[in-house]
Amino acid sequence: MTRAAAAPEPEPLCVFGTGDFGRSLGQRLQQTAYRVVYGSRRPHSCGPLPQGAQVMSHVAAAQSASVVFVCIHRENYDFLETFAPQLKGKVLVDVSNNPKKNIYPEANAEYLQRLVPGAHVVKAFNTLSAWALQNGPSDASRQVYLCGNSSEAKQAVAQVATKLGLTVLDRGSLAAARELEDFPLELFPEWRLPFRLAISLVAFLFFYLLIRDIIYEYVVNGKDISFRIMVSLANKVFPIASLIMLSLCYLPGIIAAFLQLYRGTKYKRFPDWLDRWMLCRKQLGLIALGFAVLHVLYTLIIPIRYVAGAQIIKENQTTVFDTTVAWRGDSFYSTGILGFGLYLLLGITSLPSVSNALSWREFSFVQSKLGYLTLFLCTLHTYLYGRDKFLFPSTYKWYTPPGYMLSLVVPSVVIVLKLLILLPCVDSRLTRIRRGWERTDQEEDSKESLLT
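Taking this note's numbering, the leading residue of the sequence shown gets 2, the next gets one more, and so forth.
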């Protein structure tokens with residue numbers, strides 16, 4: 002009786018390059034029961050490699066496997082052209098990236114395909130780091146983008162990625178390689194516009210309040226209160242910026258609603274500026290939440306400041322209790338606390354792990370209904386802060402409005418416009434439009450005749 006057939010030998014995979022990425026990739030491949038063969042310029046002095054891996058010359062390593070991972074930089078690709086015949090029919094997986102965009106006229110993978118025309122080049126694994134490969138997909142992104150001109154070659158690479166526990170996203174032909182190579186070079190692309198807006202807004206408010214509060218006091222009254230820049234001035238800038246940016250999260254939705262009402266259809270594309278604005282609402286809201294947190298922290302340290310203690314000692318006097326003032330103060334603090342609590346809820350539900358656990362109705366209820374409630378409470382909080390200060394001429398230093406008045410313009414407009422949309426006659430028409438109804442040409446003609 003013959004002995005039972007032995008288990009088949011694991012499929013060999015070739016890795017060109019013994020750097021950090023090549024070693025990490027080889028280690029992960031070995032953990033997934035692949036046999037790894039390294040190709041190196043110096044097979045006998047290439048540094049530490051995963052235990053059990055073989056090291057050969059590039060030619061010998063390439064001949065031992067059908068899939069070759071090219072883990073070297075583009076500037077070192079030229080040597081591959083010397084043994085292009087040995088690479089004919091092989092699947093070359095290009096994992097390289099460039100330090101900057103648009104350094105070369107063509108993508109690295111396209112350049113590699115031109116050097117070795119007989120091989121099947123696939124761009125993949127370039128969005129993963131050596132650290133991510135070492136720590137496994139649970140600690141890093143599970144997505145792997147790939148592109149190539151050969152469907153069979155892409156299928157072979159996709160099988161390897163799947164065995165590594167990664168999710169494969171096919172981006173088409175090799176012409177998409179430049180797009181894939183630009184992915185790792187992006188630095189918060191969705192945050193650029195919100196960050197620019199936030200920095201510009203904070204800078205404007207800082208210099209505006211610096212002139213009104215600090216410089217005005219020094220020029221008119223001769224008092225040096227520059228120490229207020231660190232806490233008092235910052236505690237005015239951040240809440241103003243937070244309220245304005247929160248209202249900017251909901252203003253594009255209001256504009257889009259009125260635009261759909263005017264057009265009578267939802268099938269016409271929004272302007273590019275409005276589309277970009279709506280796509281960055283989440284980032285605007287998170288930055289606004291960050292400013293709100295800073296406002297809370299600055300407010301909490303006010304009682305322990307030296308200037309606060311000195312003022313209490315200096316003005317040690319008894320005042321008559323005023324119920325109206327007490328109501329204003331408690332209402333001011335209460336709306337602030339409630340608004341900040343809902344603010345935090347909006348931020349928590351925007352996290353992918355939380356939003357994925359919510360249904361669309363639950364998510365829209367929190368972000369829309371509770372979002373407008375948050376905006377209303379924060380706006381009311383600011384109105385209670387100002388109270389009747391707008392009636393006194395001393396409020397307008399150098400004929401300029403105080404900062405809290407500036408912060409109320411945009412949110413007040415948003416709330417008023419939202420109330421108009423909530424009117425039954427407007428809301429019903431908008432709902433019909435968003436459900437696919439379109440205004441007919443006859444209605445448009447009657448509308449034009451009424452206007453003329």
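For each residue, glycine too, the CB sits at the ideal point set by N, CA and C.
Because the structure is a prediction, the values reported are computed rather than measured.
Can you grab the Cα-Cα spacing for the pair residue i / residue j, in whole Å?
i: Asp273; j: Thr19; result: 46 Å
i: Asn77; j: Gly173; result: 26 Å
i: Ala54; j: Leu165; result: 17 Å
i: Gln471; j: Ile434; result: Here the chain has residues from 2 to 453 only, and residue 471 is not among them.
i: Ile288; j: Phe393; result: 34 Å
i: Pro49; j: Ala108; result: 31 Å
i: Arg430; j: Ile255; result: 15 Å
i: Ala154; j: Arg143; result: 21 Å
i: Ala5; j: Leu30; result: Any reading at Ala5 needs caution, since the residue's pLDDT is 43, under 50, leaving its predicted position unreliable; the model's value is listed next. Each residue's Cα considered, the two are about 27 Å apart.
i: Phe292; j: Ile216; result: 25 Å
i: Ser356; j: Tyr344; result: 15 Å
i: Leu175; j: Phe205; result: 47 Å
i: Leu129; j: Val145; result: 8 Å
i: Val56; j: Leu347; result: 54 Å
i: Glu111; j: Ala199; result: 40 Å
i: Ser248; j: Ala178; result: 40 Å
i: Ala141; j: Gln87; result: Residue placement at Ala141 is flagged as unreliable, the pLDDT there being 48, under the threshold of 50; the coordinate-derived value follows with that caveat. Going from the Cα of Ala141 to the Cα of Gln87 covers about 35 Å.
i: Ser151; j: Ser67; result: 14 Å
i: Arg277; j: Lys89; result: 46 Å
i: His59; j: Phe271; result: 54 Å
i: Gly437; j: Thr380; result: 35 Å
i: Gly27; j: Lys269; result: 51 Å
Going by C-alpha to C-alpha distance, which of the options sits closest to residue i?
i: Leu252; options: Ser369, Val158, Pro304 and Lys155; result: Ser369
i: Ile230; options: Phe239, Ser332 and Asn222; result: Phe239
i: Ser413; options: Ser97, Leu378 and Thr324; result: Leu378
i: Val221; options: Lys398, Ala204, Tyr384 and Thr168; result: Lys398
i: Leu170; options: Ala133, Leu206, Ile200 and Phe126; result: Phe126
i: Lys101; options: Phe228, Phe196 and Glu180; result: Glu180
i: Glu82; options: Val68, Pro118, Ile73 and Ala66; result: Pro118
i: Gly330; options: Val355, Gly387, Ser351 and Tyr299; result: Gly387
i: Glu12; options: Thr33, Pro86, Phe22 and Asp21; result: Thr33
i: Asp95; options: Val69, Pro44 and Gln87; result: Val69
i: Glu182; options: Leu295, Gly223, Ile226 and Lys124; result: Lys124
i: Ile212; options: Pro402, Phe17 and Cys426; result: Pro402
i: Phe259; options: Met406, Asp214 and Thr432; result: Thr432
i: Glu439; options: Lys267, Ser97 and Asp389; result: Lys267
i: Lys283; options: Asp225, Leu298, Tyr405 and Phe364; result: Phe364
i: His74; options: Asn103, Phe22 and Ala162; result: Phe22
With DSSP as the reference, label residue i as helix, strand or coil.
i: Tyr1; result: Residue 1 lies beyond the residue range present for the chain, which begins at 2 and ends at 453; the question has no answer from this structure.
i: Lys124; result: strand
i: Asp95; result: strand
i: Thr441; result: coil
i: Thr380; result: helix
i: Val490; result: Look at the range of the chain in this structure, 2 to 453, and you will see that residue 490 is not part of it.
i: Leu244; result: helix
i: Tyr105; result: coil
i: Ala1; result: In this structure the chain extends from 2 to 453, so residue 1 is not present and cannot be described.
i: Pro118; result: coil
i: Ala257; result: helix
i: Lys164; result: helix
i: Asn222; result: helix
i: Ala1; result: As displayed, the chain neither begins before 2 nor continues past 453, which places residue 1 out of reach and without an answer.
i: Asn136; result: helix
Across which residues does DSSP place residue i in a beta bridge pair?
i: Gly149; result: Val123
i: Val169; result: Val145
Is residue i close to chain D, meaning its C-beta is less than 8 Å from at least one C-beta of that chain?
i: Glu439; result: Included in the structure is just one protein chain, with no chain D present.
4-residue-minimum alpha helix (DSSP H) runs that sit fully inside the region 2-88, ordered along the chain: 21-32 and 59-64
Contained alpha helix (DSSP H) runs [length at least 4] in the region 168-198, N- to C-terminal order: 178-183
Complete alpha helix (DSSP H) runs within the region 266-347 (minimum length 4 residues, chain order): 273-280, 282-301 and 307-315
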